[in-house]
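S.K.: Just passing along the structure, written as structure tokens.
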Amino acid sequence: MKVAKLYKFNDIRIEDIPIPKINSRQALVKVKACGICSGDVMPWYIEKKAPLVLGHEICGEILKIGDSIKQEIPLREGDRVFVHHHAPCMDCFYCKRGDYVQCRTWKESKIYPGGIAEYILLPEIILKNDTLKIPEHISCEEGAMVEPVACVVKSLKRANIKKGDVVLIAGLGIMGQLHVMLAKEFGAKTVIGADMVDFRLKKALEAGADFVIDIKHENINEKINKITDGIMAQSVIVGPGDAEIIKSYLQTVSKGGTLLIFTPTPPDQKICFSINDIYFQDITITTSYSCGPEDTKKALDLISNKKIDFNLLITHKFTIEDTVKAYEITAKAEDSLKCIVTF
């Protein structure tokens, strides 16, 4: 079977490897669609994992389920499924608190060999704890979006949005656009998007943003001040993984508001700010890393109920042979949102 394997940021090769052989407690899935994640195009983040088969935003069809696990799961051969690339044990200290991404099993579990492959092997833990059957009215391309939507679901839950709040979303790539589309589902009254790419600013308005701010030409603090009559934004979700950018958005947070860091920064980057200011303005700084089974179920529900306009979001589709092109377009972050490899 064919796979897309990354050796370095600018070195992706289409290679042939054997189709995985499953044991009695695993499953074999024929991949139908796999998205290119924005995390896949962060050199510092992806190269430390190299060499690896790219891709983790997966929808496929179950071809074979191991004999000894068939009766323990609701899934059947022939089902179209969303597959999460990690799954928690559901029984440890962290899982019982809902902190699934801190579960040791979640961190250690994985699909083989990776999402941009013609076939993948699912271990028992993923098959049982975070593989979901896709309804007939959802396409495979939409099914591949469950994981990124789930990451946004978790983010919006952690952003402390109260009914009637102003939400500012900094960075309007695919994840920013999903935040724009879903923020009002979580209580926002006013949604503001900020970016410097004209294509993405226009897309955000189509996605439901009430205002957009072109940070190349406009002062973000002055604009937020004007839009909110000086109160500023109650929830500020920062997409770019850069410490200085994250710090700059602290000024846009209202008293009693929340700044959410959606993307990691390189390990050597640090932020310095006044604790005094944060304390007396009662500002919360929080993060949102990946997602768990509760989030993927909610994401599938939102997708199933047509809360997301994928015609707006999925801008490019490629075959596995053109994975390099899909990767390059995603990395450029210009006139594109979501690139998906289809099989």
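So that you can map any letter, position 210 of the sequence shown is 553 in my numbering, and since no number is skipped, the others follow by simple counting.
The beta-carbon is built from N, C-alpha and C at its ideal position, and this holds for glycine as well.
Buried or exposed for I614, please, with buried defined as at least 16 other CB atoms from any protein chain shown within 10 angstroms of its CB.
M.R.: Translated into the one-based positions of the sequence shown, residue 614 becomes position 271. Under this definition I614 is an exposed residue.
S.K.: Is it right to say F623 is buried, meaning 16 or more other beta carbons lie within 10 angstroms of its own, or is it exposed?
M.R.: Indexing the sequence shown from 1 puts residue 623 at position 280. Exposed, because fewer than 16 other Cβ atoms sit within 10 Å of the Cβ of F623.
S.K.: Can the beta-carbon of V444 be found less than 8 Å from the beta-carbon of G635?
M.R.: Translated into positions along the sequence shown, residue 444 becomes position 101. Translated into positions along the sequence shown, residue 635 becomes position 292. Yes. Within cutoff.
S.K.: Cβ of A552 within 8 Å of Cβ of G573?
M.R.: Position 209 of the sequence shown holds residue 552. Position 230 of the sequence shown holds residue 573. The answer is no: Cβ separation not under 8 Å.
S.K.: Would you decide whether G582 is buried or exposed? Buried here means 16 or more other CB atoms lie within 10 Å of its CB.
M.R.: The residue labelled residue 582 in the question sits at position 239 within the sequence shown. It counts as buried.
S.K.: Across the region 650-658 and the region 452-465, are there enough close Cβ pairs to call them in contact, namely three or more that are closer than 8 Å?
M.R.: Touching, no.
S.K.: Could you check what DSSP says for I687 in three-state terms: helix, strand or coil?
M.R.: Shown here, the chain extends from 344 to 686; a query on residue 687 therefore has no answer.
S.K.: Whole angstroms is fine: what's the gap from F425's alpha carbon to D644's?
M.R.: Taking the sequence shown and counting its residues from 1, one reaches residue 425 at position 82. Taking the sequence shown and counting its residues from 1, one reaches residue 644 at position 301. Approximately 12 Å, taken between the alpha carbons.
S.K.: To the nearest angstrom, how far is it from the Cα of K345 to the Cα of P394?
M.R.: As a first step, residue 345 must be located in the sequence shown, where it is residue number 2. As a first step, residue 394 must be located in the sequence shown, where it is residue number 51. Using only the alpha carbons, I get a separation of about 15 Å.
S.K.: Does the Cβ of Y670 have 16 or more other Cβ atoms within 10 Å, making it buried, or fewer, making it exposed?
M.R.: Along the sequence shown, read from residue 1 onward, the residue named residue 670 stands at position 327. Y670 comes out buried.
S.K.: Which residue or residues does DSSP assign as beta-bridge partners of Y462?
M.R.: Locating residue 462 in the sequence shown gives position 119, where the first residue counts as 1. Per DSSP, K373.
S.K.: Find out if the Cβ-Cβ distance for the pair D638, V496 is shorter than 8 Å.
M.R.: Indexing the sequence shown from 1 puts residue 638 at position 295. Indexing the sequence shown from 1 puts residue 496 at position 153. Yes, the Cβ-Cβ distance between D638 and V496 is below 8 Å.
S.K.: Looking at the unbroken beta strand (DSSP E) that takes in K532, where does it start and where does it end?
M.R.: If you number the sequence shown from 1, residue 532 lands on position 189. That run of the beta strand (DSSP E) goes A531 to D538.
S.K.: Taking the C-alpha atoms as reference points, what is the distance between F554 and K546?
M.R.: In the sequence shown, residue 554 corresponds to position 211, counting from 1. In the sequence shown, residue 546 corresponds to position 203, counting from 1. So the alpha carbons of these two residues sit roughly 12 Å apart.
S.K.: Would you call the region 356-364 and the region 575-589 touching, i.e. three or more CB-CB distances under 8 Å?
M.R.: These segments do not touch.
S.K.: Please list the terminal residues of the continuous beta strand (DSSP E) segment that includes S597.
M.R.: The residue labelled residue 597 in the question sits at position 254 within the sequence shown. Run containing S597: V596 to I604, per the beta strand (DSSP E) assignment.
S.K.: Could you tell me whether the Cβ atoms of I580 and H522 are closer together than 8 Å?
M.R.: Residue numbering aside, residue 580 sits at position 237 when the sequence shown is read from its first letter. Residue numbering aside, residue 522 sits at position 179 when the sequence shown is read from its first letter. Yes, they are a contact pair.
S.K.: Can you name the residues that DSSP bridges to T474?
M.R.: Within the sequence shown, numbered from 1, the residue matching residue 474 stands at position 131. V426.
S.K.: Where do the ends of the alpha helix (DSSP H) carrying T639 lie?
M.R.: Working through the sequence shown from its first residue, we reach residue 639 at position 296. Start and end: P636 to S647.
S.K.: I'd like the span of the alpha helix (DSSP H) that includes R543, first residue to last.
M.R.: Mapped onto the sequence shown, residue 543 falls at position 200. Here the alpha helix (DSSP H) through R543 covers D541 to A550.
S.K.: Could you tell me which uninterrupted alpha helix (DSSP H) segments, each at least 4 residues in length, are contained entirely in the region 392-462, listed from first to last along the chain?
M.R.: List check, alpha helix (DSSP H) in window: 436-439 and 447-451.
S.K.: Between the Cα of D383 and the Cα atoms of E358, N353, G403 and E404, which residue gives the shortest distance?
M.R.: Taking the sequence shown and counting its residues from 1, the one referred to as residue 383 is at position 40. Checking every option, the nearest Cα to that of D383 belongs to N353.
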